[in-house]
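In my numbering, the protein residues as written are 17 to 429.
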Amino acid sequence: MFNFAESYNIYIMAGNEFFGTEEKKEINDVLETGILFRYNHDAQRNNIWKAREFEAEVAKLVGAKYAHAVSSGSTAVTCALAAAGIGAGDEVIVPPFTYIASIEAVIFAGALPVFAEIDETLCLSAAGIRKAITPKTKAILLVHMCGQMAQMDEIMKIVKEFNLVLVEDAGQAMAASFKGVSTGLWGKTGCYSFDFFKIATAGEGGVMVTNDEAAYKLADSIADHGHDHQGDNRGMENHPVLGFNYRISELHAAVGLAQTRRVPMIRDKNNNIKKAMMAELGKIKGIGFAVIPDPNGDSATFLNILMPDTELAQKTVEEFNKNGVSGFNYWYTNMYHFINQWDHIKEGRVAAKTNVQLLGAPQDYKNLDLPKTQKTIGRLISFGIKATWDDAALNDLLTKMKVSINSALSVTA
Ligand SMILES: *Cc1c(COP(=O)(O)O)cnc(C)c1O
């Protein structure tokens, strides 16, 4: 079994820590037949259908009625939006803290992102959403960040009150849940990413999930040039809607299948490690953690520390660097996860015109007033938890972390 973990100084979410005989077996099944395409070729494929198996495994893991695998988490967001009926000119409430793919998907759908406040759950808050609603609001793209989940009781109230379409980007929260319902299954459609950094990886891949049969059928067609996937003559299939190519290959699906089977094990290990870290670090006066609305539903891919303020968080980051502590993210200055660095969106720097340019931005993106978000992300330091850490590795890390945090806190005390 390879252990990639040691070679990483950026965050990882555990799937890529494991690559072994199980992954190789699934890939080999595909190599034996040479049918790398997920559809048709029934006679040659010897009943090997990895994309279908992958979808069934993800559906089983999260309790979804339907799952459709695609080429990436980003294209899964695209499918989730389109299958939920979100398109040209629709105003979609989005978080200013997310992987930028969420925002790109909204813009390339022809829709218009409206940024709203997050809170200490690291996700859009009900209060933030309420403030951002206008008569033109059509949908919320809710992103469950850093392995955790949003406060769904409060958010569902607003969704119902304003009759909004809820789409969930659970790109980094597969296998997380709130009160027993998985992230991704609260709204009309949801999605997960299987890129190299997620709790399970397919190399590249994504899965759109839904309990709505019509939305699933749309996604199935949207992801493959409109094909209805009926019969065995691909060239003569009907095309109920216009689509594009977001297909996953059998090779990627094979890896995703083996990895998805590992997720309950990874989640358990991550939760044990995260609880131990929170118990130990929680003894330090002044340190806090992101709010976990349902601690029993945490996928625990990240330990999310909230320092008292932005300045102390940045001092802590300096101390971590000084003391050789690695494996954490300070999102506040990250180019791809936080709005402060999204100058291309603010300045409308696009290769070709989008609806934001054509119709005009629904907000002044250069002068957004999101004080709660600024404060929260300024305070946040997230550690990627590694399921492969043993006690010695964890204790060594915790010792260094405590020294660093204590000296950061005492410098200004
Ligand atoms: C990773 C991620 C995506 C994009 O997934 P890719 O597979 O890298 O395209 C989308 N949304 C969120 C929240 C993510 O973390």
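Cβ coordinates follow ideal geometry from the N, Cα and C atoms, glycine included.
CB contact flag (residue i, residue j, <8 Å)
| i | j | result |
| --- | --- | --- |
| T205 | A121 | no |
| A191 | R278 | no |
| L234 | F70 | no |
| G343 | K214 | no |
| K388 | D135 | yes |
| E220 | K152 | no |
| F318 | G196 | no |
| A218 | H268 | yes |
| K362 | Y348 | no |
| V86 | Y262 | yes |
| I397 | T332 | yes |
| A142 | I109 | no |
| M323 | R395 | yes |
| C207 | A186 | yes |
| S209 | S88 | yes |
| M417 | V366 | no |
| K76 | N227 | no |
| G144 | L128 | no |
| I123 | T415 | no |
Range covered by the beta strand (DSSP E) that runs through residue i
| i | result |
| --- | --- |
| I289 | Unbroken run through I289 is the alpha helix (DSSP H), 266-297; no beta strand (DSSP E). |
| G126 | First-last for G126: undefined, no H or E at that position. |
| V225 | 222-226 |
| D185 | 181-185 |
| I393 | Premise fails: I393 lies in the alpha helix (DSSP H), 387-395, not in any beta strand (DSSP E). |
| N56 | Neither: N56 is in no beta strand (DSSP E) and is coded neither H nor E. |
| W107 | According to the sequence displayed, residue 107 carries Glu and not Trp. Its beta strand (DSSP E) spans residues 107-110. |
| Y82 | 82-86 |
| N320 | 318-322 |
| T332 | No beta strand (DSSP E) holds T332; the alpha helix (DSSP H) holding it covers 326-338. |
| S209 | 205-209 |
Alpha carbon of residue i to alpha carbon of residue j, nearest angstrom
| i | j | result |
| --- | --- | --- |
| L201 | E184 | 8 Å |
| L57 | P111 | Position check: residue 57 holds His in this sequence, whereas Leu was assumed. Near 43 Å, if we compare the C-alpha coordinates of P111 and H57. |
| L328 | E133 | 22 Å |
| E22 | F178 | Note that E22 scores 39 on pLDDT, short of 50, meaning its location in the model is unreliable and no value can be drawn from it. |
| L138 | G247 | 46 Å |
| N25 | G400 | For N25, the predicted model reports a pLDDT of 41, less than 50, meaning its position is unreliable; a value from the coordinates is still stated below. When rounded, the distance between both Cα atoms is 10 Å. |
| I355 | G376 | 19 Å |
| Y232 | K176 | 22 Å |
| T150 | L180 | 11 Å |
| G203 | V419 | 43 Å |
| Q60 | N249 | 15 Å |
| N288 | G50 | 41 Å |
| Q357 | N62 | 50 Å |
| A148 | V372 | 17 Å |
| A166 | G313 | 11 Å |
| K285 | T94 | 32 Å |
| I102 | N339 | 48 Å |
| L413 | G242 | 50 Å |
| N383 | G298 | 36 Å |
| F18 | N345 | For F18, the pLDDT reaches just 38, beneath the cut-off of 50, and the residue's location in the model is therefore unreliable, leaving the point undetermined. |
| A98 | L386 | 28 Å |
| R146 | K154 | 13 Å |
| S426 | L140 | 33 Å |
| D240 | A72 | 19 Å |
| G259 | M252 | 16 Å |
Anticipated Cβ contact below 8 Å, residue i with residue j, distance rounded
| i | j | result |
| --- | --- | --- |
| Y55 | H255 | Incorrect: roughly 14 Å between the Cβ atoms, too far for contact. |
| F113 | H353 | 7 Å |
| A125 | G222 | Between G222 and A125 the Cβ distance is about 15 Å, and since that is not below 8 Å, they are no contact. |
| V257 | I238 | 6 Å |
| I308 | I321 | With 8 Å as the limit, I308 and I321 do not qualify as a contact, their Cβ atoms being about 13 Å apart. |
| E42 | V271 | 7 Å |
| E33 | T404 | 5 Å |
| L157 | S198 | Incorrect: roughly 17 Å between the Cβ atoms, too far for contact. |
| E266 | A67 | 6 Å |
| Q379 | V130 | 6 Å |
| E296 | S423 | So it is not a contact: roughly 17 Å between Cβ atoms. |
| I421 | I300 | 6 Å |
Terminal residues of the alpha helix (DSSP H) in which residue i lies
| i | result |
| --- | --- |
| G63 | Going by the sequence as given, residue 63 is Asn instead of Gly. Where N63 is concerned, there is no enclosing alpha helix (DSSP H), given that its DSSP letter is neither H nor E. |
| C95 | 89-99 |
| T150 | That residue, T150, is in no alpha helix (DSSP H); it is neither H nor E in DSSP. |
| D169 | 168-177 |
| D45 | 37-49 |
| H360 | 359-362 |
| Y352 | Run containing Y352: none; DSSP gives neither H nor E here. |
Min CB distance residue i to chain D below 8 Å
| i | result |
| --- | --- |
| K299 | The structure shown contains no chain D; it holds only a single protein chain. |
Cβ-heavy atom distance, residue i to ligand 3, below 7 Å
| i | result |
| --- | --- |
| I145 | Of the ligands one can find in the structure shown, namely ligand 1, none is ligand 3. |
For review: beta carbons within less than 6 Å of any heavy atom in ligand 1 | S88, G89, S90, V93, T114, Y115, A117, S118, V159, D185, G187, Q188, S209, D211, G222
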